[in-house]
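See structure below.
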Amino acid sequence: MMPTSTRGLLGHFCTPDEALAAAARVRDAGYRHFDFLTPFPVHGMEEAMGQKRSWIPWVTGVLAICGILFALGLQYWAMVFDWPLNHGGKPFNAWPAFIPITFEAMVFWAALGSAVVAVIAGKRDTIPQPPPLLVETGATVDRFVLWISATDPRWEPAEVEAFVRSLGANGVRFVDVSGGNDA
Amino acid sequence: MRPTDPHERPEPTALDRREFLRLGGTLAAASALATTGCQPPQEATIPFHDMPESLADGLGRARFYRTVLAGSPVQVTTREGRPILVAPPPDDRSGRGVALRHQAAIMDLYDPDRARHPLAVRRGQGAPVPASWAAIETEAIDRLRRAGSRAVLLTGPLASPGLAAAIAALGERTGLRHVAWSPLAADAAARAWEHAFGEPRPARPRLDRAAVILGLGAEFLDRPEEGFEPEFAARRVPDAEAGMSRFIQLEGRLTLTGASADERLRVRDSELAAVAAGLAHELVVGRGLGPLAGDPEVAAALAPFPLATVAERAGLDAARLGAIADELQAGAGRALVVAGGSASSTAQGPALELAALLLNETLGAFAAGLFESAAAPATGTAGALAALAAELRDGKVEALFIAGANPVYDAPAALDFATALEAVPFVLSLADRLDETSRYADYLAPASHPFECWGDAALPRGLFAVQQPVVQPLHDTRGLLDLLVGWGAALGDPAASAAVAAAAAALATPPEPAAAMPAPSPSPAYHYLRAEWAARLALDPASPAFRTAWEETLREGAWQGPAPAPLPGTFAPGAAALLAGLPPPATGLELQLYPHLALGDGRSANNGWLQEFPDPITRISWGGALSLAPRRFDEMGLANGDLLLVDAGHAQVVAPAYRHAGMHYDQVALPLGLGRTACGVIGNGTGPDAWPLRQLAGDQIVAAGLPVTIRRAGGHEALAFAQGSDVIDRDRRPIVPFTTRSAWESDPRAGTEQQEGGPSAWPAHDYPAERWAMAIDLSRCNGCGKCVLGCQAENNVPVVGRLGIIEGREMSWMRIDRYYDAPRRDGRWGAEVWDGPLAVVEEPQTLFEPMLCQHCANAPCETVCPFIATTHSADGLNQQIYNRCVGTRYCANNCPFKVRRFNFWEYSTARESALFRWLEPRLSRHADLNARAPMQMKNNPEVTVRSRGVMEKCSFCIQRIMAARAAATRAGRSGQRLPDGAVVPACLEACPTGAIVFGDLNDPGSAVARLAAQPRAMRLLAAIGVEPSISYLTKVRNDKA
Amino acid sequence: MNGRRKLVRLLVLVGLVAATGALAWTLSNARQGYEPRQPISFRHTRMPGAPDWQVTDAGEVVNAGGYDIPCVYCHTMPYKGRHSTVPSTAVCMNCHQSVGLGKEWVLRMQEYWERGQPIPWVKVHDLPDFVYYDHSAHLNARDASGALKLAEHDAEGRPMVACQHCHGDVAAMEIVSVQNPFNMQWCLDCHRKPEMDGGTDCVVCHR
Amino acid sequence: MSPWATVQDDSQLTGRPLVVPGAGPYGGDLEIPEPLVTGGKKWADVDRDICMHAERFPTRRWWLAFGVALALLGVLVVSLAVLIYSGMGVVGVNHPVGWGTFIINFVFWIGIGHAGTLISAVLYLFRQPWRTGINRAAEAMTIFAVACAGIFPIIHLGRAWFAYWLVPYPNARGPLWVNFTSPLAWDIFAISTYALVSIAFWYLGLLPDLATVRDRATHPWRRRLYNALSFGWTGSQRMWRHYEAAYMILAGLATPLVFSVHTIVSFDFATSVMPGWHTTIFPPYFVIGAIFSGFAMVITLMTFMRGYFGMKNYITTNHMEAMAKILMFTGMMVGFAYTTEFFMAWYSGSEWEGFVFKNRAFGPYGWAYAIMFTCNAIVPQLFWWKKLRRHTWVLFTVSILVNVGMWFERYVIVVTSLHRDYLPSSWGMYSLTFWDYSILIGSFGLFFTLFLLFVRVLPVVAISEVKGVMDPRVARSAPTDSGAAAVTAGAAPGA
C-alpha cells in the first residue's frame, strides 16, 4: 500500500565530486534506502552508491531477437507460405530481399522497447520511500541532493543527521511530506 | 493529472466501468453506422423488357460483322450493339487493305462533333438553326425537278455501284449531273496507261511475284488501303519460299515505303521521270533489251536521256544507276518497276508513270504476269472540278448537292470554291458535320456514318462487298443512298419506288422479336441494294436461292463477281513520245505535298486516334511539319519546330521545320490533310493547311515538284514527337536485330549479337501450362502502325492530346520505334551519334521495331512494386492489376523498354467543376478528346477503363486469352491447353503482314515456338537478364543484287 | 495501481482492439447479408421445388409448393455466358398470362409489361467493376476426370443446383439475400482448393 | 581558478588549446582544450539561458520567422490540395522520367534527417563532448526533416489515398500482403523505424530537461504539463542508471540505423536495372551524402540559433568549426564518390553505364551536374583555411550552397538516369512545373514551422548534457542551505 507520508533526510552538495565522495561514504556506512538527485548523470555514481549495472541491455537483446523473428516470420509467411507470388522471376523465398526489413524490425523493437522499458524501470527501481520532488532543492539545477529515507534499517534521526552533516552537505533537514504531493 | 511525487500514485483518471460501457456502446454504434454507411450502394439491374432471341447466345460476348468501309472490306466487332473495333477481315482476298483511317472509323462514328440533326445553315448568315428532314427533302426534290440539268451532285470518289446506279437513275429522271472529286486522286497513272495501252485502267502490280522491285517514288506502303502490304511482306523474309525480293527505291523524301528499301537513292520528285527514262534508255537503247528494243519511236523519245547525262543532272553516281540497270536486266521476267505516289503528282508525273510502264514492258513484267488486272478505280479529276467551279461562278448551276466532298477545304486555291458557291441559288450539303464547305450551304442534311447505313462497293479483283450497318443511327442522320433512293422514288424512278415501298412495308410490320430471321430493314437503301444485287446475281429477289446468296455475302463480306477484264493490249511504242515533252525539273528547292499517313485527305481530322498517331517516319503526332534535308536544316541553323514560311508564289504557308532523314537536299515536303478549321474541337487548327500550295495546271493538279522558297518566319512551335532519339549505334546498343542477306547466309545468327547476361542466381520458375509469347519478324514489319491503332481500340487506350505528347504523357501501349542505324565505327564512339550526324541521317538505314510489354520472365517492374499490383502469372504474363495499383511509377522507371504508361490525368471522365477547369485547363481538353458523349460507347467492356494514378501497359490482350479459356471451358475442354491460334491479340489481328505471331511457347508445335527457336530470333537486353517473352526476328536487308 | 483499475484499463484496450477488428471485419464483408427489397416481391420459394397440392378450407386445391421451374428457365445464360442474366419481363409473362392472375404482385408485373418498361430490379449480388467474373467458366469447369468442379450434389450426396455453391439455397429464400462474403478472400478460398485448381493469378479475375 | 573562466565570450575562442604556462606536471606548459561553454556560465545560468525562449512571450523576430514559415506551409497545403484534386499531371513527371521532384525532395530531406541522429549517436559513442551544444537541435531537425521527407513518398503516389496498402495488415483480399522484395516496402519499414527511433532518442534526451522546465514553471498548468511530459522525472540516480543505459543502447542502435536507412533509400535506385542507378557504390555514397547535407543543414540552423536566439555561449565558434571540418571531410568523400562512379562506369565496360555517365556530365543536364559537383566537392574545400571555418558568413553561405548542391545531386541521380536509358526511342526530358517548385518550397515551410515551434516550447540545447561538460569549478554556485540560488521560480511542493 502507498505510504501516506514520506519521511527522510535531505542534504545537498555543490559539485559532483563532493556528491561522489558522499555517496561512497553513505554506502560504506551501511545505509541502503538512500538516493541521490542530480541535475545531470554523474559518472561513477553507480559504483559509489553500490548499484549493480543496469539490466536494460538484456531487454534490448531479447527484443532485438523478437524483432528479427517477427520480421522474418512475417515476410516468410506472407511471401512463401500464405500466397506465394512470382515477383520478377525471383524465388518465393527470396531471402536476401528480406534482410533490410528484418534489420529495421530488429532496431525498431530493440530501440523503442529499450526506451520504454528504461523509463518504466527508472520509476520502478526505487527505494520504499523515494525522495520527494522538492523543487527548491535545485536537484535539476545545480545541486546534488542526498536523500536518506526513514525506512532505512539504520534510520536513527539524530545519528543520520549528524552523519550527513559530517559529509559536508548543505541545507540538511528532515522532510515529512504527507498525503498527495500534487504539484 | 499525474502527480509530481513519483511514489504518490493517486487515482488515475482512467475510465470507470460505467464509462467503459458508455464508450463501448459509442464504438459499437459508430461501427454499426460505418457498416451501414459502407454497404454497397443500391444498384439497379435492368433486364430486357423482351429479349430478342438473336441475343440468346451472345449476350456479353462480341459479335463480328463484315462490311465495307470507304472501299475496303473490314470486320467490325460489336458489343451489345455498339461497334468497338475495326479489323482487317481474315482471309480477305479483295486486293484492298485496311488503313489507319478504317481502323479509327470507330472514333468517327462516335465523334461528338458530328451533326446530330438537319440544320438550316443559311450560308453562314447567323448561327445555324435546326431544320426538319421533311423541309429539306421537299425543297431538294423541288429543286431537282426544277433545275434539271442545272443541278449538280458533287461527291467524293464513288466506290459504290449501288450509289452510282441511284445517281444515274436520278440523272435520267431529272438531268442531275454528277461530278466526283477526290483531292488525292492520282490520275497520272491512268493517263500513262491510256497512252500506252489505250485504256485508262492501271493494272495492279503483284509484289509477291517480283524478285526485283524498283520503286520510282513508289508509295505502296504509304497507302495501306491499296492492299500491297501482305504481298510485299511475303517475300521480305530471307527464307521466303519464293526467295527474298530485293527492293530498290528512288525517291526524294524518305517515305514509309522507302524505309523498307534494300537500297535507296535520293532523287527529287521532278527528276524521277528523267532518271526512269535514263534507265529505260540504258536498257532499251543501250543494251537492246525487251520487245521495244530497236523501235525507232522509243529510241527517239529516249534519246535525250542517256544514263550518264541523267545521272549527272540528278547528282547521282552513274555507276550506281548502271548497277541498278544491271540488276533489272538480270532480273528480267522477275523484275517489276513501280512508280507513283506523290512523285506522280508532279508536272512530270504522267511521264514518270509512262517511263515505268516502258521499263516494265522492257523487262517483260506484263508478259511474266507480274501485273494483275484490276477494276478501274472511280476517281474524280481536277478538270471536272475546275469545270464545275467555272459553271458555278457563271451561274450555270441552280442547285448543288455536295456529298462526301469538301472542296472549300481541299480544292486548289485557284478555284476559290467558297466564292463560287455564293453564285449558286441552292446548296445542300450532305456532310456528316458542319464542315468548311457546309458553312456555305443553305442546309446541312447530316449523313450517316457508313456503319449506320446500307451501301456497297466494287473491289479491285472483281469482288462486290455489301456495306451493312452495324449499329442503328446514333443521331437523326441518313445514309446517302437512302436519301437518293427516296428522292428517286419521289421523282418516279421505279426501282427506287419499289425499294421505298418495301421499306415502308417493313416499317409497318411490327418486328417479331422471337423470329429466327432478322426483320427486314426499313431502309430504302437496303431494298434498293437487294434489287441491284439480285440483278447482279441474275436471281429472283424473292427466291430462296437469292436469300441464301445474299446472307452468305453478308456473312462473308463480299461476293466474287466476274474477274476484271484482262490487261489491256500491248504497249504502244508511240506512247513514249510523252517522255519527249517532259517538263524540266524545278530549279532550286522543290516542294512535295504528300497525304498525311493517318489522316489522308483530312476528312477524318476530328479523330483523336488518327491525330495522335505518330507518323512512322517523322514520329510527329498532332500536326505535321515541313521536312527539310538534314544538311539544309543544319546549314540554316534550324531547330525542330522553328517556323518557316514556304512560298510557292501563288500561296504561302507557315509550318514548323523538321529535320527529315533521307530527304533530298533540294526538296522539302509538307503533309496534306491538316489545318482544318471546321471539323470539330479535336482536329481544328492542328498543323498547317498545305492544300493552298497545290497548283492547278490545266486539268492536272501539281502537288509535288513545286518550286518554292523558304525562309524563317520567326517563332517556334513545339512538335509533338512520340519518340526521343532517332539514331542507334548497334555496336553499343544492340537492341534491333539487323543484318544483310549475305551476312545472314554465312551466319543465320548474324545481327542478333549482343552481350550475354551472367548466370542467374536463382532457379527459374516453371510454367506448367501455357507460356504466352510473341515473335515479331522485323523483316516483315514495315512500320505501318496498324498494330498501334488496333491496340488502342481494343484496350481503351485514351488520347492524351498534343500537349500530352509534348509533355511525354503518351498512353499507347504499343509503339513502333523507328531508328536510323549508325554505321559501325570500329569501337570508336562519339557522343554526337545521338544527335543524328549527317553521315547517318542523309542516307539512313531505317529500322522499325514494334515495342510493347515484353512480359519478361524476370520482369524488373514486378520486383519493385510494393503493392503487388504487378506480378507474373503462371502462364508467363506480366500482369498489371489496375485496381491494386497505387501509382508509385517505380515499375515504369525500372522498365528497360519503357512500355509502361501512367495515367497522369483522369482521361476517361469529364470533370465539370469550374474550380477544376480553372486550375487545369488541360483537363477540359482531355474530356474533349475522350469523354464527351457518345465517345464512351467506343470502350471495350472487356477491358477496364483506367482511372488516374494507375499504371497500365500491354496485357497480351488478356481479355482475349480469358475469353478463349472460357470458350474452351464451355466446350468441355476446361483445364486443357489452348490450341495454337486460339488467342489472337489485337495487334496481331491488325497486322497486315503477319509480322506478329502469338502463342504458347510451351507447345513445341506452335508457330511462336518455332519462330522463337529460329537462329534469327533475338530477345532483347540479354545482358541484364530480364528474359523477355518477345522474340524479335532479324531484319534482313537484301544486299544481294 | 490496484487490480480493479488494471482490469478496467485492460478491458478498454481489449475492447478497442476488438471494436477495430470487428469494424474492419464488417467492412470487408459488407456484402454478406445484403437483402434489398425488390420493386416486385418475387418469391423464389415458389419456383423450384416440387408442387405441394393442398386443399384449402374453402375446398380449393392449391399448390403450396414450387413449380419445378429450374433456375435457368429464367436466368438463362449462366452456362452460356459471363452473366447469368435477369429474365426479361416477357419470361414472366410466359406463365403469368395464365397463372396467378389478379394477385397483387402479378398485377404490378403486368403493369410493367403493358407499359413496355423493364422492371427495375435491385441488384443483389454485385461484384466490383474491376472483377471480371464469368458464370460459364465456373459452371462448365471440369476436373481431369471430367466431373464438374462445382458439383451438383452437396457433401452428403444429395442433389443440388451448382448455383447454390455461391448463391445459397435461393429456393428457400422469401427475400433473396447474399449468403456469402463475396469478397476476394472468399473467392480465393475456393480457387485455392487443390481439387478446384481455379488459379490464383491476378488476371484470372482482374484485367 | 579554472583557465576556462577566462573565456568570457565566444569571440575570444581561438580554436587552439588554452595554454597555462608552467602548470604541467613537470613544470612545463599545460595545454587544455578551450571550454565548450563560454561566458563563465554557471549551471544555473544554463537553465535560464536555454529555457528562456520557451518561457517568455515570443519575440517579434520569432513571430516574423514563424509567419514566413507558416505562409510557406500554406503554400504546401494548397499545392497538395491541388495535386490530389487534379492529378499527378500537374507536376513535371512524365514518361520516361517517372520520378521527379517528389523523390528528389524525399531523398533530400531524408538525407538532411541523418545528421541529427548521427551527431547525437555517433558522436556520443565516440565521446565527443562538443556534441552536447548541438545535439538537441540537430535531433529535432532530424525528426522534422523526416516528417518533411515522409510526405513525399505518399504524395508522389498516383492514388495517395490508398497509401495505407503499403502496411502489411491482415485483410480480406486473400489476404494480399505487400511485396517484401520491393525496395519501396523496405523504405516504409526503414523510414518509420527511423522516425520513431529518432523520436524516442530525442525524447529520451529531453526527459531531464523537461523536468528542468517543469521546475522553473510558474504556472501550475505549465508545471503539470511538463511534469507529464517528463514522466515525473526527479533526477534520482536510480532513474539515471537505466536512463544512461538506454541512452547508450539507443545511440548504439541509432548509429547502424542511420547507415541502414539511407542505404535502403539508396536501394530504391541501386536494386533497379537502370544504368546509373544499378550500382553498388550507392549505399555508402548516399550515406555520406546524407551526413554531408545534414551537417550543412545543422550549420545553417545553428547560425540562426547563435544569431537569433543568442546561443553563442553554448554553440560556440569551436562547435561551428568542428562541423565545418566534418563538412569538408564528407565533401571530399562525396567528391570521391562522384569520381569513382565515373571510373566504375568506364571500368565496367558496360556501354549503357558509360553512356549514362557521359550524358550526366556532358548531356542536356550537364548544368545540374556542374552545380552539384561545384557545390558539393569544390566549395567545401574552402574549409582548408581555419579563418574561413570560423567565419560565420562563409560557413552559412557554404552550408546553403552544399544543400543546393545536394538537392541537385538527387536531381542528377533521378533525372539523368531515367531520361536516357536503354532504348533511345523512349528518351525524353524533364522539367519542373509551378507545382513542383511550390511543393519544394512548401516543404521548407513545414520544416521551419515545426522547428520554430520546437524552439518555442522545448529546450533547444540539451541542458543536462551541457551541464555535464562544464567545469564544476566554474559552474557551481555558492553553497547555501536553501538549495539552488538561481531558482527563483517554482513553488514549494506539497503545500
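Residue numbers (my numbering), protein chains in the order written: chain P, 2 to 184; chain A, 18 to 1058; chain H, 6 to 212; chain U, 44 to 538.
No residue lacks a Cβ here, since even glycine has one placed at the ideal position from N, Cα and C.
Which of the three DSSP states, helix, strand or coil, is assigned to U:R259? helix
Between the CA atoms of A:W761 and A:L691 - distance to the nearest angstrom: 43 Å
Continuous alpha helix (DSSP H) stretch holding A:Y545: start and end: 541-554
Please confirm whether P:F104 has its beta-carbon closer than 9 Å to some beta-carbon of chain U. yes
In the stretch 779-792 of chain A, which residues sit with their C-beta less than 7 Å from some C-beta in chain H, listed in chain order? none
Assuming U:I186 and U:W245 are in contact, meaning their beta carbons sit under 8 Å apart, how far apart are those beta carbons, in whole angstroms? 6 Å
How many whole angstroms separate the CB atoms of A:L387 and A:R223, which I take to be in contact at a CB cut-off of 8 Å? 6 Å
Min CB distance A:P854 to chain U below 9 Å: no
Between which two residues does the alpha helix (DSSP H) harbouring U:F497 extend? 477-500
Determine the burial state of H:N99: buried for a count of at least 16 other Cβ atoms within 10 Å of its Cβ, exposed for fewer. exposed
Does any CB atom of chain H fall closer than 9 Å to the CB of U:P218? yes
Excluding the 5 residues flanking A:P490 on each side, which residues of the same chain have their C-beta closer than 6 Å to its C-beta? S465, E469
Is P:W148 helix, strand or coil when you go by DSSP? strand
How many whole angstroms separate the CB atoms of A:A368 and A:G173, which I take to be in contact at a CB cut-off of 8 Å? Not confirmed; about 28 Å, so no contact.
Assuming the contact rule is C-beta atoms closer than 8 Å, U:L119 and U:L344 should be a hit. Round their C-beta distance to whole Å, please. U:L119 to U:L344, Cβ: 19 Å. No contact.
Any Cβ of chain U within less than 9 Å of the Cβ of A:Q13? Given that chain A is displayed from residue 18 to residue 1058, the structure contains no residue 13 of chain A and the question cannot be resolved.
With DSSP collapsed to three states, give me the class of A:D343. helix
Taking A:P1 as the reference, which of A:D1017, A:G269, A:V115 has the closest Cα? No statement about residue 1 of chain A is possible, as the shown extent of chain A runs from 18 to 1058 and does not include it.
Does any C-beta atom of chain U lie closer than 9 Å to the C-beta of H:P186? yes
Proximity winner among A:A1007, A:P754, A:C882, relative to A:P1032 (alpha-carbon distances): A:P754
Can you confirm whether P:K91, when its beta carbon is compared against all beta carbons of chain A, has any partner nearer than 9 Å? yes
Tell me whether A:P29 is buried or exposed, calling it buried when 16 or more other Cβ atoms sit within 10 Å of its Cβ. Unreliable placement is indicated for A:P29, whose pLDDT of 38 sits below 50; no coordinate value is reported for it.
9 Å is my cut-off, CB to CB: does A:G41 come that close to chain H? In this prediction, A:G41 has a pLDDT of 47, which is less than 50 and means its spatial position is unreliable; what the coordinates show is noted afterwards. Yes, A:G41 lies at the interface with chain H (some Cβ there is under 9 Å from its Cβ).
What's the C-alpha gap between A:C1004 and A:E154? 44 Å
So U:S122 contacts chain A; which residues on that side make the cut at Cβ distance below 7 Å? Here the premise fails: no neighbours, minimum Cβ distance about 11 Å.
Can you tell me which of A:G732, A:G741, A:E770 puts its alpha carbon nearest to the alpha carbon of A:R749? A:E770
Going along the chain, which residues of the stretch 375-391 of chain U sit with their C-beta nearer than 9 Å to a C-beta in chain H? none
Can you tell me whether DSSP reads A:A46 as helix, strand or coil? Its pLDDT being 49, under 50, A:A46 is placed unreliably in this model, and the coordinates cannot settle the point.
Just the chain A side, please: which residues come within less than 8 Å of P:L73 by C-beta, in chain order? Simply none; closest approach about 18 Å.
Own chain, CB closer than 8 Å to P:N94, minus 5 neighbours either side, in chain order: Y77, M80, V81
Return the bridge partner residues of A:F865 from the DSSP annotation. A:R835
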